[in-house]
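Order-wise, the sequence lines are chains A and B.
Counting from 1, one number per residue, gives the positions in the first sequence under the UniProt record's numbering.
Counting from 1, one number per residue, gives the positions in the second sequence under the UniProt record's numbering.
Don't be surprised by glycine CBs; every beta carbon is placed ideally from N, CA and C.
Since the structure comes first, as structure tokens, the remarks are kept for the end.
Protein chains: 2
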Amino acid sequence: MATSSRFAASSRWASLPYRAPSRFNRIRPAVQIRWAGTTSATSEPHQPNAEGGVKRGTVPAKTIKYTSETYPDLKRESKFAKVTPEHVDYFGKLLGTEAALIEGLSKDASEDIEPFNSDWMRKFRGHTKLVLKPQSTEEVSKILKYCNDNMLAVVPQGGNTGLVGGSVPVFDEIVINLQRLNNIHSFDDVSGILVADAGVILEIADNFLAEKNHIFPLDLGAKGSCQIGGNVATNAGGLRLLRYGSLHGNVLGIEAVLSDGTIVDDLSTLRKNNTGYDLKQLFIGAEGTIGIITKISIICPRRSPAINVAYFGVESYEKLQEAFKEAKSQLSEILSAFEMMDGRTQKIVNQVTGKKMPLEGDYPFYCLIETSGSNPDHDGEKLQAFLEHVMENEIVSDGVLAESQTQIQDLWAYREGITECLGHWGGVYKYDLSLPIASLYDMVNDVRDRLTKAGLIGNGESYPVVDVVGYGHMGDANLHLNIPTRRFDKEVEKQLEPYVYEWVKSKNGSISAEHGLGVTKKPYIGYSKSETMIKLMKQIKNLYDPNGIMNPYKYI
Amino acid sequence: MATSSRFAASSRWASLPYRAPSRFNRIRPAVQIRWAGTTSATSEPHQPNAEGGVKRGTVPAKTIKYTSETYPDLKRESKFAKVTPEHVDYFGKLLGTEAALIEGLSKDASEDIEPFNSDWMRKFRGHTKLVLKPQSTEEVSKILKYCNDNMLAVVPQGGNTGLVGGSVPVFDEIVINLQRLNNIHSFDDVSGILVADAGVILEIADNFLAEKNHIFPLDLGAKGSCQIGGNVATNAGGLRLLRYGSLHGNVLGIEAVLSDGTIVDDLSTLRKNNTGYDLKQLFIGAEGTIGIITKISIICPRRSPAINVAYFGVESYEKLQEAFKEAKSQLSEILSAFEMMDGRTQKIVNQVTGKKMPLEGDYPFYCLIETSGSNPDHDGEKLQAFLEHVMENEIVSDGVLAESQTQIQDLWAYREGITECLGHWGGVYKYDLSLPIASLYDMVNDVRDRLTKAGLIGNGESYPVVDVVGYGHMGDANLHLNIPTRRFDKEVEKQLEPYVYEWVKSKNGSISAEHGLGVTKKPYIGYSKSETMIKLMKQIKNLYDPNGIMNPYKYI
């Protein structure tokens with residue numbers, strides 16, 4: 001399996017011809033930011049950009065706690081059968097022994113079953129003894145029909161880069177891994193429509209599209225490992241959403257298999273198709289609980305030849321909102337990212353990496369603005385006008401503009417390096433929230449006040465909490481609330497939950513903006529959805545998976 | 001009820017400050033196109049831009065044929081109760097007599113029940129004796145619960161501007177008209193998110209947004225009459241889809257009422273919300289068959305200060321595809337429309353209106369390109385570079401560029417006037433199809449050959465068919481196949497159907513790109529959806545509307 005690059009930025013623009021907007025050197029160029037530890041890979045098999053509502057610990061490889069121990073309330077459902085030699089025999093005949101990986105019995109001795117049982121964060125671990133790797137939709141269909149007939153629970157698994165434990169078993173569910181379903185079927189360079197198997201790795205799809213001068217309308221840090229089927233199943237958000245919109249708009253068709261083996265053949269390659277209920281939408285974000293996505297068709301935009309990145313210091317959250325409004329207005333059709341970072345996150349990056357900050361002064365807030373357009377000169381002029389406006393009107397206090405591909409990466413690294421640096425002290429309590437933009441940062445202040453009053457934040461080893469910080473995709477009103485800690489602590493957890501979820505509910509926000517429910521947020525869906533909505537969701541689950549074999553113990 | 005403007009263009013740009021891109025006069029300016037008959041309103045109460053798979057006839061107002069006569073296979077289902085005085089009493093007490101319009105009993109004598117029984121094309125006519133106009137979601141809920149308990153069938157009705165007979169009763173179904181549910185609830189000018197009632201007229205919503213410097217991400221000819229709830233219920237496509245994408249991506253939340261009165265409270269105002277199945281998507285395009293949409297929240301883009309329109313003559317369909325690819329590449333982020341018209345449609349507009357064509361030569365194909373951007377100078381330069389490229393490389397043969405708001409409207413009128421002019425000889429057989437772009441126009445040629453071979457096309461009165469023409473939203477691969485006729489003729493119909501549908505099926509196209517199924521396409525869904533998909537759709541219908549009271553005799 002391919003290893004993802006540590007910082008999305010470095011792979012993201014690699015294939016784009018970059019033209020430095022040299023006229024902008026009135027604002028001082030971006031400092032050269034390089035720090036130790038950002039180029040060497042960790043021992044983790046996958047390294048997605050972890051920003052979600054999970055604890056990121058430092059557990060050694062051999063001691064990953066079983067999910068069933070971390071969540072003792074989860075009990076194996078007795079209705080599910082246990083895998084028998086007869087079942088194994090069926091799958092072996094259906095798929096061949098290489099594609100049916102059985103603990104202790106795999107032909108390929110180098111392939112251990114354990115990576116399929118645990119996640120890249122080493123937070124979740126299941127007990128499966130059987131991993132199946134189908135190579136066709138028909139095989140997926142036969143597997144599911146057999147499992148449904150025999151009451152065998154299953155977990156669909158893509159690149160296994162999720163943050164909420166959705167893609168690994170809790171007990172002995174059979175893993176259905178999509179990695180062998182990895183063909184790109186067609187690309188139409190007039191319409192921009194790509195058809196590909198669910199198991200195609202996002203970066204491979206994007207590289208394929210780069211050759212055709214298009215991009216995949218989704219980008220995220222885990223692109224080197226995550227699969228497009230998993231992206232669709234979890235309705236991944238990522239870095240391009242502000243510009244290209246959500247997968248609900250971009251995915252044109254889906255082929256999926258229901259629990260009884262029914263193949264949902266809704267693989268339309270048409271931009272418009274008003275012939276009945278848009279059932280494919282149900283699979284987008286269903287996290288494998290009603291079926292397994294086997295193919296997708298998706299509309300892909302043209303690749304932008306011009307990319308610019310600027311980084312600003314801002315005096316207040318109010319001014320940050322003003323800057324966002326101005327960016328939307330003046331950068332308009334070329335704005336492709338508006339990321340917010342509080343001063344605390346940037347100081348932590350500085351402190352952990354020891355590298356110079358992009359700006360000299362200290363500011364409570366920073367933002368990173370990226371533009372992507374078809375004409376470098378025009379984009380440069382728009383950005384220049386925007387810069388002059390926000391500087392002259394004191395909406396921003398200082399700023400730098402990248403003048404080279406390296407500087408672009410360096411500025412992005414001060415945003416994307418946050419996740420890694422926050423783990424410096426031990427663990428991180430992480431929340432991925434959608435909130436109205438106006439109250440986005442109040443959440444961070446309120447949690448900081450709360451933990452301060454409880455005497456849990458401080459500089460010494462006796463304090464469990466290092467700080468409470470906030471950053472995220474401001475363009476999508478998506479806050480990453482993070483609490484770096486020296487150790488996980490029950491007292492801290494009591495202060496955080498359900499307080500954070502209740503706060504989110506009071507603002508009609510979402511407890512999961514882009515990372516889904518999985519195991520970790522299943523108990524908290526009531527904070528974002530009404531009883532009626534949960535009842536209606538359970539109806540859908542029962543309709544498509546009456547035996548409940550699809551990814552049990554998760555979602556709702 | 002507001003009357004829609006005859007040509008969408010004239011109202012569409014009215015509130016936009018226009019800056020003429022005066023540097024383009026190397027290409028000759030657009031001719032002043034004005035013709036008789038385009039400024040006076042017809043006697044029709046609504047005048048949407050009719051481009052869908054329907055016959056557009058010239059039936060006088062008093063003689064609209066009942067749908068039950070046009071479609072004799074449709075029989076009233078005996079399971080539905082007939083409206084009794086007791087029912088009327090209930091609704092009268094619930095809503096007040098003004099909001100419960102009963103034939104012959106309405107307090108407001110000026111309000112006739114007949115407009116609610118028939119459509120603006122005068123093609124569909126029902127037998128209802130009861131129209132209800134709720135003013136709140138709670139009233140909608142009580143109405144549906146009562147109807148469901150008493151087996152009374154209903155038809156949800158918005159602006160009644162559809163083209164497939166979806167919004168009028170077939171028999172005596174109670175009309176639930178949303179016109180009184182018409183408040184705009186909120187608009188956030190940072191996020192661009194609007195929350196409004198389903199009965200708000202699209203143009204009113206867009207005018208409201210214009211004041212806030214935003215636009216509704218949907219535009220269509222019927223904007224003066226159609227309601228945003230109806231737009232969402234029919235997943236309307238329209239003129240802005242190429243740029244802003246479909247409603248599946250832009251609608252963030254929906255409040256709807258199910259047949260049993262359950263209020264689906266999924267009115268999220270968050271751009272990202274991954275907390276369970278995205279059930280609201282089922283209501284987008286469901287044509288009122290599983291519930292009534294009462295409120296929507298939708299993300300609205302900034303309004304573009306610069307609009308440019310150019311019109312080209314092209315030698316072949318291959319070159320038209322090249323022009324589209326170049327436009328996508330060079331105009332990229334500012335391209336907002338790419339419309340194709342064959343030479344026959346443009347000659348018909350010329351012939352019927354007697355006005356000079358925008359270009360002097362005769363070409364087999366024409367296209368209209370619109371750009372919308374934030375900087376008039378930049379857009380002008382991009383367009384100039386594009387024009388030079390496509391002229392020098394002989395991708396297009398000739399072109400004009402609008403130099404004023406009037407000229408923009410005039411060029412749009414040569415595209416939008418087609419629908420009206422095609423009706424000149426009597427009636428039009430109309431199909432609204434999605435097809436792969438490469439084979440889009442083959443459909444038109446094949447149908448023309450077929451009718452020619454059958455001896456049905458010609459110049460004299462003895463030939464029923466005048467011509468077979470094609471035009472549409474090339475940017476969305478959406479073809480409007482139109483067959484203007486002197487009279488509707490069984491022999492022509494035999495040649496057209498199921499031939500057209502089989503042809504579409506052979507290319508994996510869609511028999512309804514943007515106009516939905518309604519009454520007219522219900523029998524033909526099998527040409528665009530498999531038996532499995534139809535079975536799954538019927539499951540959804542049965543889940544949400546087990547008694548089948550919601551908009552019966554339609555959809556699937």
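Check for me: the alpha helix (DSSP H) holding S141/B runs from which residue to which? T137 to D149
With 9 Å as the C-beta to C-beta threshold (strictly closer), list the residues of the segment 499 to 519 of chain A near chain B in chain order. N508, G509, S510, I511, S512, A513, E514, H515, G516 and L517
Sorted by chain position, which residues of the same chain lie with C-beta nearer than 7 Å to E77/A's C-beta, five sequence neighbours on each side aside? P552
Comparing the C-beta of Y277/B with each C-beta of chain A, is any distance below 9 Å? Chain A, which has a Cβ nearer than 9 Å to the Cβ of Y277/B, makes this yes.
For the segment 268 to 347 of chain A, list the alpha helix (DSSP H) runs that are entirely contained and at least 4 residues long, ordered along the chain. 280 to 283 and 317 to 326
Please classify G361/A as buried or exposed, where buried requires at least 16 other C-beta atoms within 10 Å of its C-beta. exposed
Please identify, using Cβ separations under 8 Å, the residues of the segment 248 to 269 of chain B that lie next to chain A, in order along the chain. Residues of the segment 248 to 269 of chain B with a C-beta atom less than 8 Å from some C-beta of chain A are H248, G249, N250, T262, I263, V264, D265, D266, S268 and T269, listed in chain order.
CB of H389/A within 9 Å of CB of E326/A, strictly: yes
Could you please give the first and the last residue of the uninterrupted beta strand (DSSP E) stretch that includes E360/B? Per DSSP, E360/B belongs to no beta strand (DSSP E) and is neither H nor E.
Only counting runs of 4 or more residues, tell me where the alpha helix (DSSP H) segments fall wholly within the segment 495 to 539 of chain B, in order along the chain. Segments of the alpha helix (DSSP H) lying fully in the segment 495 to 539 of chain B: 499 to 506.
If V131/B and N177/B are in contact, beta carbons under 8 Å, what's the gap, nearest whole angstrom? 6 Å
Of all the residues that make up the segment 355 to 380 of chain A, which are near chain B by a beta-carbon distance shorter than 7 Å? G373, S374, N375 and H378
Which two residues bound the contiguous beta strand (DSSP E) that contains F171/A? Note, F171/A: premise wrong, no beta strand (DSSP E); not H, not E.
Short-range partners of chain A found in the segment 189 to 216 of chain B, where Cβ spacing is below 8 Å: D189, V190, S191, G192 and N213
Give the residues of chain B in contact with F324/A, contact being defined as C-beta atoms less than 8 Å apart. V190
Selected residue, minimal CA-CA separation from V469/B, among V447/B, K490/B and A196/B: That would be V447/B, whose Cα lies nearest to the Cα of V469/B.
Which ranges does the alpha helix (DSSP H) cover as unbroken runs of at least 4 residues, wholly within the segment 218 to 246 of chain A, from first to last along the chain? Annotation note: the segment 218 to 246 of chain A contains the following uninterrupted alpha helix (DSSP H) runs of length 4 or greater, listed N- to C-terminal: 228 to 233 and 241 to 244.
Starting from L95/A, follow the alpha helix (DSSP H) in both directions and report where the run begins and ends. P85 to L95
Taking the alpha carbon of F171/B as the reference point, which residue from T128/B, V200/B, V519/B and V195/B has its own alpha carbon closest? T128/B
What did DSSP end up calling I33/B once you bin it into helix, strand or coil? Note that I33/B has pLDDT 24, beneath the 50 cutoff, so the model's placement of it is unreliable and the number below is only indicative. For I33/B, the secondary structure class from DSSP, reduced to helix, strand or coil, is coil.
According to DSSP, is R122/B helix, strand or coil? coil
What residue range does the beta strand (DSSP E) around I418/A cover? Here I418/A belongs to no beta strand (DSSP E); instead the alpha helix (DSSP H) covers I418 to L422.
Within 10 Å of its beta-carbon, does T452/B have 16 or more other beta-carbons around it, so buried, or fewer, so exposed? exposed
For I293/A, the nearest candidate out of Y277/A, G229/A, L320/A and P305/A (CA to CA): Of the candidates Y277/A, G229/A, L320/A and P305/A, the one whose C-alpha sits nearest the C-alpha of I293/A is G229/A.
Three or more C-beta pairs under 8 Å: does that hold for the segment 298 to 311 of chain A against the segment 513 to 533 of chain A? no
Suppose you measure from the CA of I408/B to the CA of N308/A; what does that come to, to the nearest Å? 33 Å
Give the single residue among A286/A, F216/A and Q330/A whose Cα lies nearest to the Cα of A306/B. Q330/A
Test: S434/B CB closer than 9 Å to a CB of chain A: yes
Considering only the beta carbon of each residue, do L457/A and D442/A sit closer than 9 Å? Before going on, a small fix: residue 457/A reads as Ile here, not Leu. In this structure, I457/A lies away from D442/A, with their beta-carbon atoms at least 9 Å apart.
Within-9 Å CB hit, T353/B to chain A: No, because no Cβ of chain A sits closer than 9 Å to the Cβ of T353/B.
Under the three-state reduction of DSSP, which class applies to N25/B: helix, strand or coil? For N25/B, the pLDDT reaches just 30, beneath the cut-off of 50, and the residue's location in the model is therefore unreliable, although a value from the coordinates is still provided. Coil at N25/B, not helix or strand.
Between which residues of its own chain and K538/B is the CB-CB distance below 8 Å, once the five residues before and five after are set aside? I556
Among V396/B, D476/B, T345/B and D377/B, nearest to V428/B - alpha-carbon criterion: Looking at V396/B, D476/B, T345/B and D377/B, the one whose alpha-carbon comes closest to that of V428/B is T345/B.
For S22/A and chain B, any beta-carbon pair shorter than 9 Å? The predicted position of S22/A is uncertain, since its pLDDT is 29 and thus under 50; a value taken from the coordinates is nonetheless stated next. No, its Cβ sits nowhere closer than 9 Å to a Cβ of chain B.
Beta carbon proximity, M533/B to chain A, threshold 9 Å: yes
Considering only residues of the same chain and omitting the five flanking positions on each side of residue 557/B, which have a CB-CB separation below 8 Å? Residue 557/B lies beyond the range of chain B shown here (1 to 556); nothing can be said about it.
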